[in-house]
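**Q** My structure is below; once you've seen it, I'll send some questions.
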Amino acid sequence: MLTGELRSKIDAVWNAFWAGGIANPLEVIEQITYLLFMRGLDDAEQLEENRSTRTGQPMRRRIFKDGKDGIGKNGGVAYAEMRWSRLKNKDAGTMFGLVSEHVFPFLRTMAEDGTAHATHMKGARFTIPSPALLVKVVDLIDKLPMQDRDTKGDLYEYMLSKIASAGQNGQFRTPRHIIALMVEMTAPTPKDIICDPACGTCGFLVATGEYLRDNHPKLFIDQESRDHFNEEMFHGFDFDNTMLRIGSMNMTLHGVENPDIRYKDSLSREHAGDEDRYSLVLANPPFAGSLDYDTTAKDLLAIVKTKKTELLFMALFLKLLKPGGRAAVIVPDGVLFGSSTAHKEVRRMLVEDHRLDGIVKLPSGVFRPYAGVSTAIVLFTKTNSGGTGHVWFYDCQADGFSLDDKRNALLPGEKLGPTPGHHQAGDLVNLTLTDKELAKNNLPDIALRWAERNGTERDRPRTAQSFSVPKTDIVAAGYDLSINRYKELVHQAKRHRPPKEIIVELKALEKEIAEGLKELEAMLS
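Structure, rendered in structure tokens:
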């Protein structure tokens with residue numbers, strides 16, 4: 000957890016950026032990302048130097064090579080001068096010139112190192128407007144405990160939360176507790192290969208990594224599973240280079256060494272090499288409306304011929320998953336009940352050709368303040384051979400936060416999310432919510448009942464908040480997947496008083512009024 004003092008320092012730097020003329024929150028995060036990366040490079044070099052000194056063996060990898068960079072007078076500046084440990088001690092003017100004229104060109108040309116993050120640095124631009132602001136940011140970053148993965152991750156998550164609170168670019172951020180719910184429900188394993196084809200800031204991939212650390216700590220003992228976690232497990236696509244840089248840094252700061260975070264327009268480019276590859280898809284893709292047929296990937300149109308992005312993404316998820324692979328994805332409500340041929344075909348495929356497992360209807364305020372659209376989580380398994388028996392539905396009415404634009408927490412922090420609790424001495428201490436608290440935060444109930452979807456949930460009445468619907472009913476309803484199509488409402492019979500009783504009461508009132516008027520007349524006369 001971030002301390003209040005650290006939050007205050009981040010807020011101060013954030014405000015300084017805004018005062019300095021950088022009003023785009025994405026640009027603020029991007030500039031801080033570059034500086035975090037610069038410090039991380041020096042830390043990595045220092046570790047390798049220590050290893051070399053300790054073992055007497057030569058360094059396996061040099062980041063800051065010998066010599067100068069060849070930029071400017073006298074052959075340029077020595078690479079060693081660009082190291083964070085030296086840079087941070089320079090005066091403001093020297094530091095500003097060194098970073099803008101030498102460090103950033105260095106960052107842009109180190110992609111040969113082969114890491115995803117280095118690749119995304121190709122387009123790095125230095126836009127911090129003044130030496131004074133640069134010194135302030137460098138001072139903050141230098142004081143961060145970068146050896147603590149949790150603090151680094153929390154720092155970045157706190158900055159990312161400001162994207163939404165700034166009222167801009169909020170579409171890039173899915174609420175963290177909703178991501179945690181989807182990860183909890185899909186229960187990733189150390190052998191999974193996970194993909195988010197619209198990864199943005201990599202929130203789903205980061206949350207999956209944290210879930211595995213909490214639930215499968217032994218995976219880091221075995222070299223093979225550790226290498227799989229760092230290099231093979233996580234895959235994210237996006238067509239916004241800023242998002243790729245931010246997302247890649249988010250993964251790095253959360254302890255994933257070399258994730259596959261790459262540029263790809265998921266709906267426009269063919270998917271050779273990625274089809275049938277992933278065992279888990281987690282996503283909340285942007286639903287921007289319609290694409291032209293000639294700009295849409297032909298292998299997606301072969302699955303469902305449509306221009307609507309929300310349906311094309313459903314086709315994409317099926318394309319990317321390997322048989323037996325599972326998905327939890329957020330869709331706008333229209334996907335569940337839209338009446339077009341393409342809408343019906345997508346739903347028919349999920350039910351008949353694969354296994355549709357569940358639908359969680361989310362409250363319409365979940366994505367406020369930047370979107371009020373109604374959405375749902377769709378959970379399914381790719382089988383290519385059917386398998387849908389019952390579909391589990393849950394009508395989520397409260398996610399722990401107010402459903403207005405302010406989105407204020409309704410419970411203390413440790414009682415939010417799908418697994419209420421707190422860390423104590425490195426262990427997670429679970430909390431059980433009362434019925435009153437569960438009414439404010441349905442997420443733990445969703446996770447609990449999802450685990451029982453093939454058991455006790457089958458017997459729940461359709462008047463309950465969750466229930467199962469057999470496939471035959473869904474087919475009979477034309478593959479309509481909206482919860483209201485199957486939910487039954489309980490109408491309480493109202494007891495009306497007998498008319499004669501009401502008439503007697505009215506006559507008594509009339510008599511009382513008449514007597515009162517007589518008394519008033521007598522007083523006035």
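Per numbering that gives the first Met the number 0, the very first residue in the sequence shown carries number 0; after that it's consecutive.
Cβ coordinates follow ideal geometry from the N, Cα and C atoms, glycine included.
Note that the structure is predicted; figures quoted are calculated from it, not measured.
In whole angstroms, give me the CA-to-CA distance for N168 and F95.
**A** The sequence position of residue 168 within the sequence shown is 169, counting from 1. The sequence position of residue 95 within the sequence shown is 96, counting from 1. In this prediction, N168 has a pLDDT of 45, which is less than 50 and means its spatial position is unreliable; what the coordinates show is noted afterwards. About 29 Å.
**Q** Measure the beta-carbon distance from S467 to R457 and round it to whole angstroms, keeping in mind my assumption that it falls under 8 Å.
**A** Indexing the sequence shown from 1 puts residue 467 at position 468. Indexing the sequence shown from 1 puts residue 457 at position 458. Going by Cβ atoms, the distance from S467 to R457 rounds to 5 Å, so yes, they are a contact pair.
**Q** Thinking C-alpha only, which one of D10, P417, F16, L35 is nearest F103?
**A** Stepping through the sequence shown from its first residue, residue 103 is reached at position 104. Per the Cα distances, L35.
**Q** Taking the continuous beta strand (DSSP E) assigned at Y393, which residues delimit it?
**A** Here residue 393 refers to the residue found at position 394 of the sequence shown. Here the beta strand (DSSP E) through Y393 covers 389-394.
**Q** Measure from the alpha carbon of A463 to the alpha carbon of each residue in E436, T308, K190, Y485, then state which is nearest.
**A** Locating residue 463 in the sequence shown gives position 464, where the first residue counts as 1. Cα-wise, what sits closest to A463 is Y485.
**Q** With a threshold of 6 Å on Cβ separation, who are the neighbours of P284 within its own chain once the five nearest residues in sequence on each side are excluded?
**A** As a first step, residue 284 must be located in the sequence shown, where it is residue number 285. The answer, listed in chain order, is A197, F312.
**Q** Check the DSSP bridge columns for C194 and list the partner residues they point to.
**A** Position 195 of the sequence shown, counting from 1, holds the residue named residue 194. In the DSSP output, where bridge partners are listed per residue, C194 has H234, V280.
**Q** If I'm right that S262 touches C194 with Cβ under 8 Å, what's the distance once you round it to whole angstroms?
**A** Taking the sequence shown and counting its residues from 1, one reaches residue 262 at position 263. Taking the sequence shown and counting its residues from 1, one reaches residue 194 at position 195. This sequence places Tyr at residue 262; Ser is not what is there. In fact, because the Cβ distance is near 15 Å, the residues do not count as touching under 8 Å.
**Q** Taking the beta strand (DSSP E) that I482 belongs to, which residues open and close that run?
**A** Taking the sequence shown and counting its residues from 1, the one referred to as residue 482 is at position 483. From DSSP, I482 is part of no beta strand (DSSP E); its letter is neither H nor E.
**Q** Extract the residue ranges of the alpha helix (DSSP H) inside the stretch 30-60, only unbroken runs of 4 or more that lie entirely within it.
**A** The stretch 30-60 contains no whole alpha helix (DSSP H) run of 4 or more residues.
**Q** Does the stretch 59-68 come into contact with the stretch 149-162, if we say contact requires no fewer than three beta-carbon pairs (one atom in each stretch) closer than 8 Å?
**A** They do not touch, by the three-pair rule.
**Q** For D221, report the span of its beta strand (DSSP E) as first-last.
**A** The count along the sequence shown starts at 1 and reaches residue 221 at position 222. Here D221 belongs to no beta strand (DSSP E), and DSSP marks it neither H nor E.
**Q** Kindly indicate which three-state DSSP category G166 falls into: helix, strand or coil?
**A** Position 167 of the sequence shown holds residue 166. Unreliable positioning characterises G166 in this predicted model, as indicated by a pLDDT of 45, which lies under 50. A coordinate reading is not provided.
**Q** Tell me whether the beta-carbon of L315 lies closer than 8 Å to the beta-carbon of L266.
**A** On the sequence shown, position 316 is the one that residue 315 refers to. On the sequence shown, position 267 is the one that residue 266 refers to. Contact: yes.
**Q** What's the C-alpha gap between I482 and F392?
**A** Along the sequence shown, one-based indexing puts residue 482 at 483. Along the sequence shown, one-based indexing puts residue 392 at 393. If I take the Cα positions, the gap works out to 7 Å.
**Q** Considering only the alpha carbon of each residue, which of M58, A301, P419, D434 lies closest to V428?
**A** Position 429 of the sequence shown, counted from the first residue, corresponds to residue 428. Here the closest residue by C-alpha is P419.
**Q** Just the Cα atoms here: how many angstroms apart are E504 and L437?
**A** As a first step, residue 504 is located in the sequence shown; it is residue number 505 there, counting from the start. As a first step, residue 437 is located in the sequence shown; it is residue number 438 there, counting from the start. If you take the alpha carbons of E504 and L437, they lie about 44 Å apart.
**Q** When DSSP labels each residue in this structure, what does A424 get in the three-state scheme?
**A** Start at 1 with the first residue of the sequence shown, and residue 424 comes out as number 425. Caution applies to A424, whose pLDDT of 49 falls short of 50 and renders its modelled position unreliable; the model cannot decide the point.
**Q** With the cut-off set at 8 Å, would you say R354 and T382 are in Cβ contact?
**A** Along the sequence shown, read from residue 1 onward, the residue named residue 354 stands at position 355. Along the sequence shown, read from residue 1 onward, the residue named residue 382 stands at position 383. A contact, by the Cβ cut-off of 8 Å.
**Q** What are the partner residues of K321, as DSSP defines its beta bridges?
**A** As a position in the sequence shown, residue 321 is number 322, starting the count at 1. Paired residues: none, contrary to the question.
**Q** Report the CB separation of I70 from I245 in whole angstroms; it is logged as a contact under 8 Å.
**A** For this step, residue 70 is matched to residue 71 along the sequence shown. For this step, residue 245 is matched to residue 246 along the sequence shown. Wrong, their Cβ atoms sit about 27 Å apart, outside the cutoff.
**Q** Quick check on DSSP: helix, strand or coil for L432?
**A** Within the sequence shown, numbered from 1, the residue matching residue 432 stands at position 433. Reduced to three states, the DSSP call for L432 is coil.
**Q** Quick one: Cα of D291 to Cα of L300, how far?
**A** Within the sequence shown, numbered from 1, the residue matching residue 291 stands at position 292. Within the sequence shown, numbered from 1, the residue matching residue 300 stands at position 301. Taking the straight line joining both Cα atoms gives about 11 Å.
**Q** Leaving out the 5 sequence neighbours to the left and right, which residues in its chain are closer than 6 Å to L5 when beta-carbon positions are compared?
**A** The residue given as residue 5 occupies position 6 in the sequence shown. Closer than 6 Å at Cβ, skipping near neighbours: no residue.
**Q** Please classify V468: does DSSP put it in a helix, a strand, or coil?
**A** The residue given as residue 468 occupies position 469 in the sequence shown. In the structure shown, V468 sits in a strand (DSSP, three-state: E or B).
**Q** Would you tell me roughly how many angstroms separate the C-alpha atoms of P362 and L402, rounded to the nearest one?
**A** Position 363 of the sequence shown, counting from 1, holds the residue named residue 362. Position 403 of the sequence shown, counting from 1, holds the residue named residue 402. Going from the Cα of P362 to the Cα of L402 covers about 8 Å.
**Q** Could you please give the first and the last residue of the uninterrupted alpha helix (DSSP H) stretch that includes G202?
**A** As a first step, residue 202 is located in the sequence shown; it is residue number 203 there, counting from the start. Its alpha helix (DSSP H) spans residues 202-214.
**Q** Express the C-alpha separation of E26 and H234 in angstroms, rounding to a whole number.
**A** The residue given as residue 234 occupies position 235 in the sequence shown. The residue given as residue 26 occupies position 27 in the sequence shown. If I take the Cα positions, the gap works out to 24 Å.
**Q** Expressed to the nearest angstrom, what Euclidean distance is found between the alpha-carbon atoms of K72 and R53?
**A** By one-based count along the sequence shown, residue 72 stands at place 73. By one-based count along the sequence shown, residue 53 stands at place 54. Their backbone Cα atoms lie some 38 Å apart in a straight line.
**Q** Mind reading off the beta-carbon distance from G323 to T380? Whole number of angstroms is fine, and I expect it under 8 Å.
**A** In the sequence shown, residue 323 corresponds to position 324, counting from 1. In the sequence shown, residue 380 corresponds to position 381, counting from 1. Contact flag correct, Cβ pair sits at about 7 Å.
**Q** List the endpoints of the continuous beta strand (DSSP E) containing I358.
**A** Locating residue 358 in the sequence shown gives position 359, where the first residue counts as 1. Unbroken beta strand (DSSP E) run through I358: 354-360.
**Q** In the DSSP output, which residue or residues are listed as bridge partners for F379?
**A** Residue mapping note: residue 379 aligns to position 380 of the sequence shown, counting from 1. DSSP lists A326, L355 as partners of F379.
**Q** Within a Cβ cutoff of 6 Å, which residues of the same chain sit near V372, ignoring the five residues on either side of it in sequence?
**A** Your numbering for residue 372 matches position 373 in the sequence shown. Here the set comprises P331.
**Q** Cα-Cα, which of E230, M248, E269, K307 is closest to P258?
**A** Residue mapping note: residue 258 aligns to position 259 of the sequence shown, counting from 1. The candidate whose alpha carbon is nearest that of P258 is E230.
**Q** Within 10 angstroms of its Cβ, does Q30 collect 16 or more other Cβ (buried), or is it exposed?
**A** Along the sequence shown, one-based indexing puts residue 30 at 31. By the neighbour-count rule (16 or more Cβ atoms within 10 Å), Q30 is buried.
**Q** For S338, which residues of its own chain have a beta-carbon under 7 Å away from its beta-carbon, when the five flanking residues on both sides are left out?
**A** Translated into positions along the sequence shown, residue 338 becomes position 339. Counting only Cβ-Cβ distances below 7 Å, and skipping sequence neighbours, we find nothing.
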